[in-house]
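Asks: According to our numbering, the stretch in the sequence shown is residues 189 to 511, in order.
Ideal Cβ placement from N, Cα and C applies to all residues, glycine included.
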Amino acid sequence: MAERIRTMRQFAIPQFTLGMPAQQLRETVDRWNADPSAYLSYEKRSLPKAQINGPWLEFPSFIDSRDTARFYCAFEPKWRSGSTIGSIVIPHWNATSKKYISGTAWIRRFFIPTNTLVYVPEYHDGRLYAGGPQYHVLGPNIYNTIRRVQQDVLNIQFAAAWLRDAGCTEIGLWAYSIGSLRACLAALFAPNFFDFFIWHFACDNFAEAVMDGIATADIASAIKDNISRDDLEYYWSIISPGHYSDYLHLLPKATRVVQGRYDPVLSPPNVQRMTEKFRKYAPHVEVYTGEFGHATLGSFANAARVLSGNIRFYYTHTGLRFI
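#1: Which of the three DSSP states is assigned to Gly207 in this structure?
#2: Using the C-alpha atoms, what's the distance from Leu361 back to Trp387?
#3: To the nearest angstrom, report how far apart Thr506 and Gln203 are at their CA atoms.
#4: In whole angstroms, what is the alpha-carbon distance linking Cys356 and Leu245?
#5: Compare the C-alpha of Ala210 against each of Thr477, Asn329, Asn490 and Trp350 and name the closest.
#6: If you reduce the DSSP assignment to three classes, tell me which class Met189 lands in.
#7: So for Arg320, helix, strand or coil by DSSP?
#8: Verify whether the separation of the beta carbon atoms of Leu373 and Leu439 is less than 8 Å.
#9: Alpha carbon to alpha carbon, how far is Val494 from His431?
#10: Rounding to the nearest angstrom, what Cα-Cα distance links Ala489 and Leu342 in this structure?
#11: Under three-state DSSP, which class holds Ala374?
#12: The alpha helix (DSSP H) that contains Phe132, what's its start and end?
#13: Please classify His505: does DSSP put it in a helix, a strand, or coil?
#14: Between Ala293 and Trp281, what straight-line distance do the alpha-carbon atoms span, to the nearest angstrom?
#15: For the structure I just gave you, are there three or more beta carbon pairs, one from the segment 412-423 and one from the segment 390-398, closer than 8 Å?
#16: Just to confirm the assignment: which complete alpha helix (DSSP H) runs, minimum length 4, are found wholly within the segment 440-494?
#17: Taking 7 Å as the cut-off, is the beta-carbon of Phe204 closer than that to any non-hydrogen atom of the ligand ATP?
#18: Quick one: give me the first and last residue of the beta strand (DSSP E) that Leu361 is part of.
#19: Relative to the C-alpha of Gly448, which residue among Ala491, Ile426 and Ser409 is closest?
#20: Below 8 Å CB to CB, which residues in the same chain sit around Ile407 once its five sequence neighbours on both sides are set aside?
#21: For Leu206, tell me which candidate among Asn332, Ala371 and Ala283 has the shortest Cα-Cα distance.
#22: Between which residues of its own chain and Ala257 is the CB-CB distance below 6 Å, once the five residues before and five after are set aside?
#23: In angstroms with no decimal places, state the Cα-to-Cα distance between Arg315 and Thr216.
#24: Keeping to the same chain, check which residues put their C-beta closer than 6 Å to that of Pro224; ignore five residues upstream and five downstream.
#25: Taking buried to mean at least 16 other C-beta atoms within 10 Å of its own C-beta, is Ser275 buried or exposed?
#26: What is the residue span of the alpha helix (DSSP H) that Tyr422 lies within?
#27: Measure the alpha-carbon distance for Pro452 versus Ile240 and round it to whole angstroms.
#28: Just how far apart, CA to CA, sit Tyr469 and Gly242?
#29: In this structure, how does DSSP classify Val277 when only helix, strand and coil are distinguished?
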């Protein structure tokens with residue numbers, strides 16, 4: 189019985205909190221808007237010491253050193269030729285790391301034989317949520333959600349620098365859903381680091397995706413009666429891709445965005461607005477819109493179609509050669 193109570197508490201959604209006093213949070217957002225690069229570029233910060241631990245690249249996270257940035261390493265096979273390429277894979281929320289690691293290994297072995305890092309961060313409070321929704325990453329703690337995005341952005345940029353120092357001449361991002369949000373901000377504020385970007389599911393407004401999307405209904409329920417929608421959108425605007433319209437032209441010249449026409453996780457209007465922003469502010473971005481959503485992308489036909497397009501894009505826009 190005691191174990192059952194602990195389990196129920198463990199998976200219960202946390203209570204709403206701003207994470208800091210309202211005035212302090214508003215001032216933080218104001219400062220962020222005045223100079224986003226001060227918050228979203230790692231280059232002016234003290235750099236952590238990275239080490240290889242078995243198959244993992246690890247270093248203390250930026251922002252909160254109690255967290256560990258971990259990237260599963262799958263290095264390119266010795267038999268392939270062409271450019272030395274590194275890819276960083278950033279999973280979606282609530283992702284199972286084993287599936288990403290095994291899926292990446294399969295794609296790398298048969299289709300895209302490059303150096304690949306899979307981002308699997310270890311948060312100091314993550315054990316509280318093991319086996320359940322990752323509310324410590326995305327939840328009703330408004331500032332903590334911002335801070336975890338910022339931290340992941342800086343960690344991803346530093347991993348890209350590590351790949352460059354390790355000899356990679358081309359570096360790219362391969363990301364999904366909320367992982368794409370992190371990858372987008374990493375690319376925008378380290379524009380010289382990344383040569384290509386394959387982005388699955390992009391939305392304009394992060395707060396709208398959380399409050400109106402079906403995957404985060406429990407989080408929305410915990411938030412909605414405690415803060416106005418306008419205030420929430422103001423606070424979370426700084427982690428919304430559409431907020432950075434004037435920066436979208438800095439996305440890698442080789443950027444492919446895969447959108448779902450029927451996406452109840454992000455909401456179709458939210459997705460459509462972001463697609464329009466790509467066309468207006470970053471016309472170099474290739475946008476593919478499929479007849480699917482977050483979940484139905486996983487069907488064999490949809491997955492095969494998207495993967496084949498991604499592989500073709502990869503070979504067209506990098507120096508990769510299979511043999």
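Replies: So, to answer that:
#1: Position 19 of the sequence shown holds residue 207. Gly207: coil per DSSP, three-state reduction.
#2: If you number the sequence shown from 1, residue 387 lands on position 199. If you number the sequence shown from 1, residue 361 lands on position 173. Roughly 8 Å separates the two Cα atoms.
#3: Reading the sequence shown from its first residue, position 318 is the one you call residue 506. Reading the sequence shown from its first residue, position 15 is the one you call residue 203. The alpha-carbon atoms of Thr506 and Gln203 are separated by roughly 46 Å.
#4: Locating residue 356 in the sequence shown gives position 168, counting from the first residue. Locating residue 245 in the sequence shown gives position 57, counting from the first residue. Cα-Cα distance, rounded: 15 Å.
#5: The sequence position of residue 210 within the sequence shown is 22, counting from 1. That would be Asn329, whose Cα lies nearest to the Cα of Ala210.
#6: Position 1 of the sequence shown, counting from 1, holds the residue named residue 189. A caution first: Met189 carries a pLDDT of 40, below 50, which makes its placement in the model too unreliable to give a value.
#7: On the sequence shown, residue 320 is found 132 positions in, with the first residue counted as 1. Looking at the sequence provided, one finds Gly at residue 320 rather than Arg. It is coil, neither helix nor strand.
#8: On the sequence shown, residue 373 is found 185 positions in, with the first residue counted as 1. On the sequence shown, residue 439 is found 251 positions in, with the first residue counted as 1. Contact flag unset, no.
#9: Within the sequence shown, numbered from 1, the residue matching residue 494 stands at position 306. Within the sequence shown, numbered from 1, the residue matching residue 431 stands at position 243. Taking the straight line joining both Cα atoms gives about 27 Å.
#10: Stepping through the sequence shown from its first residue, residue 489 is reached at position 301. Stepping through the sequence shown from its first residue, residue 342 is reached at position 154. Looking at the two C-alpha atoms, the distance is approximately 35 Å.
#11: Position 186 of the sequence shown, counting from 1, holds the residue named residue 374. Under the three-state reduction of DSSP output, Ala374 falls in the helix class.
#12: Nothing about residue 132 can be read from this structure; the chain reaches only from 189 to 511.
#13: Taking the sequence shown and counting its residues from 1, the one referred to as residue 505 is at position 317. If DSSP states are grouped into helix, strand and coil, His505 belongs with the helices.
#14: For this step, residue 293 is matched to residue 105 along the sequence shown. For this step, residue 281 is matched to residue 93 along the sequence shown. So the two alpha carbons sit approximately 20 Å from each other.
#15: yes
#16: 456-469
#17: This structure simply doesn't include the ligand ATP, nor any ligand for that matter.
#18: As a working note, residue 361 is residue 173 in the sequence shown. Boundaries of the beta strand (DSSP E) harbouring Leu361: Glu358 to Tyr364, taken from the DSSP string.
#19: Translated into positions along the sequence shown, residue 448 becomes position 260. When each option's Cα is compared against that of Gly448, the closest is Ala491.
#20: Position 219 of the sequence shown, counted from the first residue, corresponds to residue 407. For Ile407, where only same-chain residues beyond five positions count, the Cβ hits under 8 Å are Ile201, Tyr323, Leu326, Gly327, Pro328 and Val398.
#21: One-based indexing of the sequence shown puts residue 206 at position 18. Of the candidates Asn332, Ala371 and Ala283, Asn332 places its Cα closest to the Cα of Leu206.
#22: Stepping through the sequence shown from its first residue, residue 257 is reached at position 69. Cβ neighbours of Ala257 within its own chain (closer than 6 Å, five residues either side excluded): Phe247, Ser249, Pro309 and Asn343.
#23: The count along the sequence shown starts at 1 and reaches residue 315 at position 127. The count along the sequence shown starts at 1 and reaches residue 216 at position 28. Cα-Cα distance, rounded: 29 Å.
#24: Translated into the one-based positions of the sequence shown, residue 224 becomes position 36. Cβ neighbours of Pro224 beyond the five flanking positions: none.
#25: One-based indexing of the sequence shown puts residue 275 at position 87. With 16 or more other Cβ atoms within 10 Å, it is buried.
#26: Numbered from its first residue, the sequence shown carries residue 422 at position 234. Tyr422 -> alpha helix (DSSP H) spans Arg417 to Trp424.
#27: As a working mapping, residue 452 is identified with position 264 in the sequence shown. As a working mapping, residue 240 is identified with position 52 in the sequence shown. C-alpha separation (whole angstroms): 40 Å.
#28: Working through the sequence shown from its first residue, we reach residue 469 at position 281. Working through the sequence shown from its first residue, we reach residue 242 at position 54. Cα to Cα, the separation comes out at about 42 Å.
#29: As a first step, residue 277 is located in the sequence shown; it is residue number 89 there, counting from the start. Residue state, collapsed to three classes: strand.
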